[in-house]
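Participant: One structure follows; several queries about it will come next.
Protein chains: 2
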Amino acid sequence: MTSTTPSPVLIVGSMAFDDLTLPTATVTDVVGGAATYAALATSLFAPARVVAVVGTDFPEPVLQDLQHRGIDTAGVCRAQGRTFRWAGRYSDDLSSRVTLDTQLNVFADFRPVLPPAYRDSAFLLLANIHPTLQLEVLDQVTVARLVATDTMNFWIEGERPALEAVLKRTHTLVINDEELRQLAEQHNLRKAAAAALKLGPQRLIVKRGEYGAMLFDEHGIFFTPPYPLDRELDPTGAGDTFAGALLGYLAQADDLSPRTVRRALLTAATVASFNVEDIGTRRLQSLTRPEVEHRLGLLEAITRVDP
Amino acid sequence: MTSTTPSPVLIVGSMAFDDLTLPTATVTDVVGGAATYAALATSLFAPARVVAVVGTDFPEPVLQDLQHRGIDTAGVCRAQGRTFRWAGRYSDDLSSRVTLDTQLNVFADFRPVLPPAYRDSAFLLLANIHPTLQLEVLDQVTVARLVATDTMNFWIEGERPALEAVLKRTHTLVINDEELRQLAEQHNLRKAAAAALKLGPQRLIVKRGEYGAMLFDEHGIFFTPPYPLDRELDPTGAGDTFAGALLGYLAQADDLSPRTVRRALLTAATVASFNVEDIGTRRLQSLTRPEVEHRLGLLEAITRVDP
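Encoded structure:
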C-alpha cells in the first residue's frame, strides 16, 4: 500500500436505463451503461472521472451515490430529454442475449467535452461509443500513460476507418472474442490476436465471459480462468466492470509491468464475477476490497497444481 | 523417471471408421473410435491394453502399428461384418458438429470379454459405450486403482439406471460440460459438479474443448487453460485423447496425489491440443514426448503472472 492517492481513471461512455428480461426476473429502469459499471469497478481501487450524458429523467441521487464513492461526475452532462435506454432479453442459461430495443435519446447528440481538470488524466478508458467520439476524447487528453479502448460489432462493421484511427492511439484493446474475430476477419483466436495487435495496440485483452479472459502482449499469452460462480443472475455490464477494475487496479499500482498487468487481469476477472451475482450494479454497490481479495485468492488457486 | 515399467492402462471402447466433413477437407474411411485415440495418447506414457471389436474390413496394419507403440491389442476382437462407422460434419469454425450417419455394424453385438491377463489392470478407462457393457467390464476387473468413465447424452437420457450403477463404481468421471449439465439437470457448472459427485465419483473432470478443462475433487477446483493453437484442423477424438493421456500419465506416475492429478490434467490438455492439429489420429501418430513436454511448459506459462 502506498500512502499517495492513486491517479484518477478517466472513463468515457454511456450512462443508461436498462430493461432486462432475465431467466429469473424481468426488471425495468435499471441504472446501467458502460461508464456506470466501469466507474463503480474502478472506484474500488482508484478515483474515477466520468464523461457521459444523462437526460432530465436521471435521478440526482444516483450521481450523488457515485460521488460518495470517489467518482468525479463533473464530466456528466445533463441534457434536455430522456436518458439512453437499452432493453435486452437473456437466454435461459444467460449465455446469450438479444437486444429488444435501443433508444439513444440524449446520447444521440453526445459530444464528449472534458472538464479542463480531466485533461491531464494518465489512465483513460474509452468505453464502447462511436469511434469518432473516442478520437475527440483523445484530442482533449494531453498526457495518457494508458489508453484502453472498447468497441462493438456495429463500429467494426460500419466505422472501420475511424476505429482504426482510434486503435493507432490505443495502448490496450479490451474486446470480446466475437469482436476480435470480426475485427481481424479471422476465426483462429491466436492469429486474430496477432492481426489486431498490428492495428496499433501494444496489448490485447480478450473477454470471454464465462470462459475467462486472455491477454496477448509482447511477453506472450496470459490466461485468466473464470471464477466458478454458484449464483449467476445478470451478466449485464460484466465486460465494463472488467475494464473498469483493470484500469483502477493499474492506476492504483501505478505500474504497467507485465506482472502488474497480469495481476490486474485476475483482479478484473474477480470483480466482474461479483457483478454477475446480482441484477444491474447492485452487487458492485455493496462490494468491498476484502471480498475482492478473498475471491482473487480462490481464483489464483484454481490454476495451481498444489491445492 | 522410474526404471520400472508403468502399469498398463486398460481401455474399453470403440474402434471405427469416420467420414469427416471438415471446413478444410472432406475425408472418408479415417481410422478412429474412442479406444484408438485414447490408446495412442496413453501409449506416450504407459502401455495400453485395448478391448474393442472390429470387422473384417479393418486393416491388420493399423493393429500392427498400435502394437509397435506398446499397445496390447489381444483384446481387440475381429468379428464377421463391417467395422463401426460414424460420419459427421463440422461447422466452419469447428465449434460444433452434427452426426450425419452412424452404422453400428459389428459394434451392435459387442460384448466386452477381457483376456485373462487384462483382469489385473490397475488403471481402467471406460470410454463411451453402453453403460451395461461398462458394468460387464467392471465385473471382470478384479483390482482397479482408478476407474475413469466417459459417457454421452444418449445414455444419460435413455439408460440412467445402468449409468448410475457405473458411476457408483467410478473414481473419475470424465465428460464434457453439456453432458454434465444433462446428467445433473442443472445449468450452473459448480452446482452441477456437486450433484455429479454425489452420484459416486470422487473426482469429476469436465472437458470444455477450446475452453479448457476443469477438475472438481475434495481438494477444490482446478482449471486447465486451453493451449492456444494457431492450426486447428480436426477436433475428432480430442476428448478421447485427453482421457487416454490422463490415464497414461497417472499410470506412469503411479500416484494419484492431488498434485499429480492436476499435472495429469495439464498434460492431457496438451496432448489433446496436438490431436486437433491434423486429421484423425495423424498428429498423435507422429507425436513425441519431448514435443508434449515443450508445449506443456508453454501451457503452464500462460497462467503465470511472471511471464
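Which chain is which? The protein sequence lines are Y and H, in order. Sequential numbering of the first sequence, starting at 1, is according to my numbering. Sequential numbering of the second sequence, starting at 1001, is according to my numbering. Backbone N, C-alpha and C define an ideal beta-carbon position, used for all residues, glycine too.
Residues of chain Y with CB under 7 Å from Tyr1211 (chain H), in chain order?
Facilitator: Within chain Y, the residues near Tyr1211 (chain H) are Tyr211.
Participant: Does Ala1301 (chain H) have its Cβ less than 8 Å from a Cβ in chain Y?
Facilitator: Chain Y contact via Cβ: present.
Participant: Which residues, taken in chain order from the segment 190-223 of chain Y, show a beta carbon closer than 7 Å to some beta carbon of chain H?
Facilitator: Listed by position along the chain: Arg190, Lys191, Tyr211, His219, Gly220, Ile221, Phe222, Phe223.
Participant: Identify which residue in Y:Gly212, Y:Pro228, Y:Pro23, Y:Asp230 has its Cα closest to the Cα of Phe222 (chain Y).
Facilitator: For the residues Y:Gly212, Y:Pro228, Y:Pro23, Y:Asp230, the minimum Cα distance to Phe222 (chain Y) belongs to Y:Gly212.
Participant: What are the uninterrupted segments assigned as beta strand (DSSP E) that are 3 or more residues long and contained completely in the segment 168-239 of chain Y, given in chain order?
Facilitator: Correct list: 172-176, 203-207, 213-217, 220-224.
Participant: Could you name the residues of chain Y that Arg1263 (chain H) contacts, counting a contact when the two beta carbons are closer than 7 Å?
Facilitator: Result: Val305.
Participant: Quick one, which residues of the segment 1233-1263 of chain H are near chain C if we go by CB-CB under 7 Å, in chain order?
Facilitator: The chain inventory of the structure shown lacks chain C, comprising the protein chains Y and H.
Participant: Please check the pair Gln1285 (chain H) and Leu1040 (chain H), which I expect to be a contact at CB under 8 Å, by giving their CB distance rounded to whole angstroms.
Facilitator: With a Cβ gap of about 7 Å, Gln1285 (chain H) and Leu1040 (chain H) count as contacting.
Participant: Is Thr149 (chain Y) helix, strand or coil by DSSP?
Facilitator: Of the three classes helix, strand and coil, the one that applies to Thr149 (chain Y) here is strand, per DSSP.
Participant: Could you compute how far the alpha carbon of Lys180 (chain Y) sits from the alpha carbon of Phe216 (chain Y)?
Facilitator: According to the sequence provided, residue 180 (chain Y) is Leu. The question's Lys does not apply to it. For Leu180 (chain Y) and Phe216 (chain Y), the distance between alpha carbons rounds to 12 Å.
Participant: Measuring only between beta-carbons, confirm whether Leu183 (chain Y) sits less than 8 Å from chain H.
Facilitator: No, its Cβ sits nowhere closer than 8 Å to a Cβ of chain H.
Participant: Going along chain Y, which residues have a C-beta under 7 Å from Asn1188 (chain H)?
Facilitator: Under the 7 Å cutoff, chain Y gives Asp230, Glu232.
Participant: Under the DSSP definition of a beta bridge, which residues are partnered with Ile1071 (chain H)?
Facilitator: Answer is H:Ala1048, bridged to Ile1071 (chain H).
Participant: Can you give me the C-alpha to C-alpha distance between Asp1019 (chain H) and Arg203 (chain Y), rounded to a whole angstrom?
Facilitator: Each residue's alpha carbon lies about 41 Å from the other.
Participant: Do the segment 1064-1084 of chain H and the segment 150-163 of chain Y meet, that is, are 3 or more Cβ pairs less than 8 Å apart?
Facilitator: The answer is no - the segment 150-163 of chain Y does not touch the segment 1064-1084 of chain H, with fewer than three Cβ pairs under 8 Å.
Participant: Would Phe1123 (chain H) and Leu1010 (chain H) be called neighbours here (beta carbons separated by less than 8 Å)?
Facilitator: Contact: yes.
Participant: Would you please state the rounded distance, in angstroms, between the beta carbons of Gln134 (chain Y) and Leu114 (chain Y)? I believe it to be under 8 Å.
Facilitator: Going by Cβ atoms, the distance from Gln134 (chain Y) to Leu114 (chain Y) rounds to 13 Å, so no, they are not a contact pair.
Participant: I'd like the list of long-range same chain contacts for Asn105 (chain Y), defined as Cβ closer than 7 Å, with 5 residues on each side in sequence excluded.
Facilitator: If we look at Asn105 (chain Y) and ignore the five residues flanking it on each side, its Cβ neighbours are Gly55, Gly81, Arg82, Thr83, Phe84, Arg85.
Participant: Identify the residues that DSSP records as bridge partners of Ala87 (chain Y): which are they?
Facilitator: The partner list for Ala87 (chain Y) (beta bridge, DSSP) reads Y:Asp19, Y:Asp101.
Participant: Could you work out which residue in Y:Ser43, Y:Val27, Y:Ser95 is closest to His68 (chain Y) when comparing CA atoms only?
Facilitator: Closest option to His68 (chain Y), Cα to Cα, is Y:Ser43.
Participant: How many angstroms separate the CA atom of Val1174 (chain H) from the CA atom of Ser91 (chain Y)?
Facilitator: For Val1174 (chain H) and Ser91 (chain Y), the distance between alpha carbons rounds to 27 Å.
Participant: Could you list the residues in the segment 1069-1097 of chain H with a C-beta less than 8 Å from some C-beta on chain Y, going in chain order?
Facilitator: So the close ones are Asp1092, Asp1093.
Participant: Under 8 Å between beta-carbons, which chain H residues line up against Pro225 (chain Y)? List them in chain order, please.
Facilitator: Correct list: Gly1212, Phe1223, Pro1225, Thr1303.
Participant: Where do the ends of the alpha helix (DSSP H) carrying Phe123 (chain Y) lie?
Facilitator: Segment 123-126 is the beta strand (DSSP E) holding Phe123 (chain Y); no alpha helix (DSSP H) there.
Participant: Hey, could you find the ends of the beta strand (DSSP E) Gly1032 (chain H) is sitting in?
Facilitator: Counting along the chain, the beta strand (DSSP E) containing Gly1032 (chain H) begins and ends at 1026-1032.
Participant: Please classify Gly1297 (chain H): is it buried, with 16 or more other beta-carbons within 10 angstroms of its beta-carbon, or exposed?
Facilitator: When all chains shown are included, Gly1297 (chain H) counts as exposed.
Participant: Do the CB positions of Arg1160 (chain H) and Glu1136 (chain H) come within less than 8 Å of each other?
Facilitator: Cβ atoms of Arg1160 (chain H) and Glu1136 (chain H): not closer than 8 Å.
Participant: Select from H:Arg1049, H:Leu1229, H:Thr1028, H:Pro1307 the residue whose C-alpha is nearest the C-alpha of Leu1100 (chain H).
Facilitator: Comparing Cα-Cα distances from Leu1100 (chain H) to each of H:Arg1049, H:Leu1229, H:Thr1028, H:Pro1307, the minimum goes to H:Thr1028.
Participant: If you run the structure through DSSP and keep just helix, strand and coil, what is Ile1156 (chain H)?
Facilitator: Looking at Ile1156 (chain H) - three-state DSSP - the assignment turns out to be helix.
Participant: Do three or more CB pairs link the segment 272-281 of chain Y to the segment 1179-1196 of chain H at distances below 8 Å?
Facilitator: In short, these stretches do not touch, since the Cβ pair count stays below three.
Participant: Please state the DSSP three-state secondary structure of Val305 (chain Y).
Facilitator: Coil at Val305 (chain Y), not helix or strand.
Participant: Would you check if the segment 286-295 of chain Y and the segment 232-244 of chain Y touch, i.e. whether three or more CB-CB distances between them fall below 8 Å?
Facilitator: In short, these stretches do not touch, since the Cβ pair count stays below three.
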